[in-house]
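Per the numbering used here, the sequence shown starts with residue -12, numbered consecutively. Read the structure below first, then the notes.
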Amino acid sequence: MARQRLGQHFLADLHWREEIARAIRVSPHSTVPLPRDDQHCWIEIGSGHGEMTQHLLATGSPVHTIEIDPAFFPGLRSLAQKFPNLAVVSGDILKADLAAIASGRRMRIYGNLPYYITSPILHHLFAFAGLIDEIDIVIQTEVALRLAAQPGTRDYGYLSVVTQFYTRPEFVFEIPRDAFEPPPEVASALVTLRLPGERAKLALGSSASSAAGAPADSSLDDASRFLDFVKLCFSQKRKTLVNNLRSLAKPDQVREALSTLKLRPDSRAEQLPVALLAALHSLLLASAESV
């Protein structure tokens, strides 16, 4: 029985399990399966009955499955007796120390995520971004579109920027409601997030700030500081950056920074890609330090 409070919707359809396995390269029928000597480990979020666990185990790589619901422990421990490369981790993904679980290996992540905590889970995974090469997740289609949205589109927002800062998202395919038991009220989709994302380019000084002649933004090493700035930029989506950034900088300073970047004075956050938001951050920091 699915527990509603945990947002459980099990992937019951064998066809869609195989489609996902092919897409994430753990099926022998994948166009380019993962190499058998792959040195990564898999971290599975919420294995449930093990619907996808056996696909991951078939790669031969270590699989650490993190499950919060005790009802599934007997079945998973039975599976671990058959597959020595499976380790069952009891606990909450939001509290899990993934670096300790991976024990020095680089990680690939798979999960059929509860819709109501997708964003907190992603933020927790991004805290370990330096150790992760790929994240494959089944999530609500509406959220999947937001992760991969481009500037200037309706779906582009703070979550898009955070995701693209850390990863290179790809909307892989949609999965029908009836593939799950019980069926969710909304459509689902598989999304692949490959790491690193824009952050790696910005750290190398190839951001728009460098192109515009702005000083290098050393604060990008402090990701939380930059993302707090992004959150402020999107605080009221319909308002301009000049208005949303009033608590950070004077309107004239924001207009001058936008002009330096050859952007209109009435620009909104939803129009700027990650690199330009980083460039704006850099210019405003430099402006504040020169005062």
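Where a beta carbon is used, it is the ideal one built from N, C-alpha and C, also for glycine.
Residue i versus residue j - alpha carbon distance
{"i": "T140", "j": "A(-1)", "result": "34 Å"}
{"i": "S17", "j": "T46", "result": "12 Å"}
{"i": "P22", "j": "V13", "result": "9 Å"}
{"i": "A262", "j": "L180", "result": "18 Å"}
{"i": "A244", "j": "K237", "result": "11 Å"}
{"i": "A273", "j": "K249", "result": "17 Å"}
{"i": "P183", "j": "Y153", "result": "6 Å"}
{"i": "T247", "j": "A256", "result": "16 Å"}
{"i": "I96", "j": "P169", "result": "24 Å"}
{"i": "R242", "j": "L259", "result": "15 Å"}
{"i": "L118", "j": "M94", "result": "6 Å"}
{"i": "R225", "j": "D215", "result": "18 Å"}
{"i": "S211", "j": "A166", "result": "37 Å"}
{"i": "M39", "j": "S90", "result": "22 Å"}
{"i": "A275", "j": "R251", "result": "21 Å"}
{"i": "G192", "j": "F213", "result": "Note that G192 scores 40 on pLDDT, short of 50, meaning its location in the model is unreliable and no value can be drawn from it."}
{"i": "Y103", "j": "D84", "result": "21 Å"}
{"i": "K69", "j": "F115", "result": "30 Å"}
{"i": "Q(-5)", "j": "V159", "result": "22 Å"}
{"i": "L81", "j": "D209", "result": "21 Å"}
{"i": "R233", "j": "H51", "result": "46 Å"}
{"i": "F(-3)", "j": "K188", "result": "38 Å"}
{"i": "S34", "j": "H268", "result": "40 Å"}
{"i": "R64", "j": "L44", "result": "14 Å"}
{"i": "I88", "j": "A176", "result": "27 Å"}
{"i": "D24", "j": "Q240", "result": "54 Å"}
Own chain residues within Cβ distance below 8 Å of residue i, not counting five before or after
{"i": "R92", "result": "Q26, H27, C28, P49"}
{"i": "H110", "result": "V149"}
{"i": "S254", "result": "T227, L228, L245"}
{"i": "D120", "result": "H27, R93, M94, R95, R181, L182"}
{"i": "P367", "result": "In this structure the chain extends from -12 to 278, so residue 367 is not present and cannot be described."}
{"i": "Q223", "result": "N230, N231"}
{"i": "A86", "result": "F115, L118"}
{"i": "R4", "result": "L(-2), E38, M39, H42"}
Beta-carbon proximity of residue i to residue j, cut-off 8 Å
{"i": "T105", "j": "A174", "result": "no"}
{"i": "L134", "j": "T150", "result": "yes"}
{"i": "L112", "j": "I126", "result": "no"}
{"i": "H42", "j": "G62", "result": "no"}
{"i": "N230", "j": "L219", "result": "no"}
{"i": "E161", "j": "G98", "result": "no"}
{"i": "L235", "j": "L270", "result": "no"}
Same chain only: Cβ atoms within 7 Å of residue i, ignoring 5 sequence neighbours per side
{"i": "D79", "result": "I55"}
{"i": "Y145", "result": "V217, K218, F221"}
{"i": "P156", "result": "L134, A135, T150, V178, L180"}
{"i": "Q137", "result": "Y143"}
{"i": "V19", "result": "R12"}
{"i": "R164", "result": "P170, P171, A174"}
{"i": "E185", "result": "Q151, F152, V261, A262"}
{"i": "I77", "result": "In the sequence as presented, Ile is not what sits at residue 77; that position holds Ser. Answer for S77: E54, F60, listed in chain order."}
{"i": "L66", "result": "G37, T40, L73"}
Where the alpha helix (DSSP H) containing residue i begins and where it ends
{"i": "S211", "result": "210 to 220"}
{"i": "F113", "result": "105 to 113"}
{"i": "Y143", "result": "Where Y143 is concerned, there is no enclosing alpha helix (DSSP H), given that its DSSP letter is neither H nor E."}
{"i": "K230", "result": "Note that residue 230 corresponds to Asn in the displayed sequence, not to Lys. Residues 228 to 231."}
{"i": "D239", "result": "238 to 247"}
{"i": "H332", "result": "Only positions -12 to 278 of the chain appear in this structure, which leaves residue 332 out of reach."}
{"i": "I88", "result": "85 to 89"}
{"i": "A67", "result": "60 to 69"}
{"i": "T40", "result": "40 to 44"}
Nonlocal neighbours in the same chain, by C-beta distance under 6 Å from residue i, ignoring five residues either side
{"i": "A195", "result": "Residue placement at A195 is flagged as unreliable, the pLDDT there being 42, under the threshold of 50; a coordinate-derived value is accordingly withheld."}
{"i": "H2", "result": "none"}
{"i": "S147", "result": "R133, A136"}
{"i": "L100", "result": "I108, I124, I126"}
{"i": "V130", "result": "T105"}
First and last residue of the uninterrupted beta strand (DSSP E) at residue i
{"i": "F158", "result": "155 to 162"}
{"i": "E121", "result": "119 to 127"}
Residue-chain proximity (residue i, chain B), Cβ-Cβ < 8 Å
{"i": "G117", "result": "Here chain B cannot be found, since the structure has a single protein chain."}
Problem set entry | Three CB pairs or more closer than 8 Å across the stretch 65 to 74 and the stretch -6 to 8 | The answer is no - the stretch -6 to 8 does not touch the stretch 65 to 74, with fewer than three Cβ pairs under 8 Å.
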